[in-house]
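Trainee: The structure that follows is given in the form of structure tokens.
There are 2 protein chains.
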Amino acid sequence: LVKLRNITKEYQLGKTVVHALRGVDLAIDAGEIVAIMGPSGSGKSTLMHIIGCLDMPSVGEVEIENMPTDSLRERQLATIRGRKIGFVFQTFNLVASLTAQGNVALPMIFQKIKRTQRTQRAAELLEKIGLGDRKNHHPNELSGGERQRVSIARAMANDPDIILADEPTGNLDSESGATVMRTLRRLSDEEGKTVIVVTHNPEVAAYADRVITLRDGKIIKEERRD
Amino acid sequence: LVKLRNITKEYQLGKTVVHALRGVDLAIDAGEIVAIMGPSGSGKSTLMHIIGCLDMPSVGEVEIENMPTDSLRERQLATIRGRKIGFVFQTFNLVASLTAQGNVALPMIFQKIKRTQRTQRAAELLEKIGLGDRKNHHPNELSGGERQRVSIARAMANDPDIILADEPTGNLDSESGATVMRTLRRLSDEEGKTVIVVTHNPEVAAYADRVITLRDGKIIKEERRD
Ligand SMILES: Nc1ncnc2c1ncn2[C@@H]1O[C@H](COP(=O)(O)OP(=O)(O)OP(=O)(O)O)[C@@H](O)[C@H]1O
Ligand SMILES: Nc1ncnc2c1ncn2[C@@H]1O[C@H](COP(=O)(O)OP(=O)(O)OP(=O)(O)O)[C@@H](O)[C@H]1O
Ligand SMILES: [Mg+2]
Ligand SMILES: [Mg+2]
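Here you go:
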């Protein structure tokens, strides 16, 4: 479903070059749960942004459903991002002027879903994640873990085939974290969705079929369950 | 050093009232490391903001070094916040237009420390936390965990007596997290600083002399080591 070949990403900062990713090869099948682990700064978020077509590699190819993304026009890329991929950002990226419900409904507006349907689906998604009674709060009226969960619900709004979750439980206690992971597990088992989770938490990695470890922009280890 | 009596905090949102804290009593001695744990939304960040004089309770008294804070003028409160307390925010709150080094130096400007001294101290603090080679990066050129560590270094800029760290390792791998906790441990053991850490991670709580558990705005458990 997702194929990355020889992915390199470099940033130029004044006179120095930061090698965020140095030749990463990765193939992920439909319905898999893959965990990506590694030290702070090892390139995990950079890799996630490239998989999610939010960023282009400096070198290498990305294929989504066998379509090379560099051959796609911006409009097709936007469709993939909006419909096929749900992204949970490490820093949440919620809209301050919208409520929790408004934030979860936002991706559905771009897919031209009717307002009554958006409002209802947003409310249900928040309910599922334990935030039913917080739907009218704005981000600044929510705790850190509540904001994180709103961004998780938002990622599921358009029922995407691929969910990319960048450290989705970093601000959650173990119980809320388990609720999130069980939800993602169920989306994968029952609905065949592909879930890629960046995590520092071995308890979260335990939900994965495969665990990939990055260090200094390279994959140094790959472990499979079963 | 820090005393909280019957602290209640309520938020009014339209017709509903959110009871974030419901009568919290807490006394923390100089040189202690205290961990605060509890589910997402249980009131931990709210409590930290009140301890750090960044927010006022709806009911109850706060004393810092035996001085009731409601008897202090804004100027004296600002001095406490600027010199006695170092705050690591759950959402980092870095200044986007400044580099890592600039962000760490910022609190020192308000304490009228000379520029050459600020620059050097900021560089040293970043070095200690493993970010020496990232000091010229802006926040959007840093990973999540790197931003978290910059905000930790910034909290130590003015050598405060009390460090309040709201989930300081939520975005860190276990090794970076251990480095941070060893640094805080040393500040407490060798320099007599008081450290209050909100965490979901039992490995972090293991560094504490005392662990306080919140649920629904109340302290439900207190455990002491030794
Ligand atoms: N400005 C506000 N208006 C209304 N409710 C608020 C406001 N700020 C916080 N809350 C609510 O108060 C409760 C406590 O928030 P707090 O941020 O202290 O939780 P927390 O324990 O730090 O959670 P987390 O572990 O998720 O960071 C939450 O349920 C939150 O929704
Ligand atoms: N725009 C940028 N310019 C320069 N360097 C950057 C930029 N963005 C990221 N980096 C660097 O690239 C490296 C990888 O960043 P990335 O965000 O992918 O790390 P990460 O593995 O997600 O880390 P964390 O666990 O801390 O979130 C980091 O060392 C970071 O400093
Ligand atoms: Mg990251
Ligand atoms: Mg919090």
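First to last, the sequence lines map onto chains A and B.
Under this note's numbering, the residues of the first sequence are numbered 45 to 270, in order.
Under this note's numbering, the residues of the second sequence are numbered 45 to 270, in order.
We put the beta carbon where it would ideally sit given N, CA and C, even for glycine.
Just so we're clear, the structure is a prediction, and the values are computed from it rather than from any experiment.
Counting only Cβ pairs nearer than 8 Å, list the residues of chain A close to B:GLU171.
Mentor: Result: empty, since nearest Cβ-Cβ is about 15 Å, beyond 8 Å.
Trainee: Shorter than 8 Å from the beta carbon of A:GLU219 to some beta carbon of chain B?
Mentor: Chain B contact via Cβ: present.
Trainee: Of the choices A:GLY126, A:ASN147 and A:ARG127, whose alpha-carbon is the least far from that of A:PHE136?
Mentor: A:ASN147
Trainee: Mapping DSSP to helix, strand and coil, what is B:ILE173?
Mentor: coil
Trainee: Which residue wins for smallest C-alpha separation from B:LEU228, given the options B:ILE256, B:MET111 and B:ALA199?
Mentor: B:ALA199
Trainee: For a cutoff of 8 Å on Cβ pairs, would you count A:HIS93 as touching chain B?
Mentor: no
Trainee: Measure the C-alpha to C-alpha separation of B:ASP217 and A:THR160 and round it to an integer number of angstroms.
Mentor: Between the C-alpha atoms of B:ASP217 and A:THR160 there is a straight-line separation of about 42 Å.
Trainee: Does B:ALA74 come out as helix, strand or coil in the three-state DSSP assignment?
Mentor: coil
Trainee: According to DSSP, is A:PHE274 part of a helix, a strand, or is it coil?
Mentor: Look at the range of chain A in this structure, 45 to 270, and you will see that residue 274 of chain A is not part of it.
Trainee: Ligand 3 and A:ASP210: does any heavy atom of the ligand fall closer than 7 Å to the residue's C-beta?
Mentor: yes
Trainee: Looking at B:PRO204: is its Cβ nearer than 8 Å to the Cβ of B:ILE94?
Mentor: no
Trainee: Is the Cβ-Cβ distance between B:ARG269 and B:ASP253 less than 8 Å?
Mentor: In contact: B:ARG269 and B:ASP253 (Cβ atoms closer than 8 Å).
Trainee: Given that B:SER89 touches chain E, what residues does it touch there, using C-beta distances under 9 Å?
Mentor: Chain labels in this structure do not include chain E; the protein chains are A and B.
Trainee: Rank B:ILE207, B:GLU234, B:VAL241 and B:GLY236 by C-alpha distance to the C-alpha of B:THR213 and give the top, closest one.
Mentor: B:VAL241
Trainee: Give me, in chain order, the residues of the same chain whose beta-carbon lies closer than 6 Å to that of A:GLY85; leave out the 5 immediate sequence neighbours on both sides.
Mentor: Excluding positions up to five away in sequence, the list is empty.
Trainee: Does the distance from the C-beta atom of A:GLU118 to that of A:LYS47 stay below 8 Å?
Mentor: no
Trainee: For the stretch 118–150 of chain B, list every residue whose C-beta sits within 7 Å of some C-beta in chain A, in sequence order.
Mentor: GLN134 and THR135
Trainee: Does any residue of chain A bring its CB to less than 8 Å from the CB of B:LEU57?
Mentor: yes
Trainee: Could you tell me whether any Cβ in chain B is nearer than 8 Å to the Cβ of A:SER102?
Mentor: no
Trainee: Assuming A:LEU258 and A:LYS88 are in contact, meaning their beta carbons sit under 8 Å apart, how far apart are those beta carbons, in whole angstroms?
Mentor: 6 Å
Trainee: What does a CB cutoff of less than 8 Å around B:LEU186 pick up in its chain, not counting 5 residues either side in sequence?
Mentor: ALA144, ARG178 and VAL194
Trainee: Between the Cα of A:ARG226 and those of A:ILE206, A:ALA250 and A:HIS244, spot the shortest distance and give me the residue it belongs to.
Mentor: A:ALA250
Trainee: With a cut-off of 8 Å on the beta carbons, I'd call B:ARG49 and B:GLU105 a contact; round off their distance for me.
Mentor: 5 Å
Trainee: In angstroms, rounded to a whole number, what distance separates the CA positions of A:THR223 and A:ILE173?
Mentor: 7 Å
Trainee: Restricting to Cα atoms, I'd like to know which of A:ILE124, A:TYR55, A:GLY82 and A:PRO101 is closest to A:LEU45.
Mentor: Selected option, being the one with the closest Cα: A:ILE124.
Trainee: State yes or no: is the beta carbon of A:GLY176 nearer than 8 Å to at least one beta carbon in chain B?
Mentor: no
Trainee: At a cut-off of 7 Å, is B:GLN192 close to ligand 3 when judged by its beta-carbon and the heavy atoms of the ligand?
Mentor: no
Trainee: I need the boundaries of the alpha helix (DSSP H) containing B:ASP210, first residue and last residue.
Mentor: Not the alpha helix (DSSP H): B:ASP210 falls in the beta strand (DSSP E), residues 206–210.
Trainee: Got a sec: does ligand 1 put a non-hydrogen atom nearer than 7 Å to the Cβ of B:GLY130?
Mentor: no
Trainee: Candidates B:GLY236, B:ALA197 and B:GLY188: which alpha carbon is nearest A:ASN215's?
Mentor: B:GLY188
Trainee: Would you identify the three-state DSSP class for A:GLN56, choosing helix, strand or coil?
Mentor: strand
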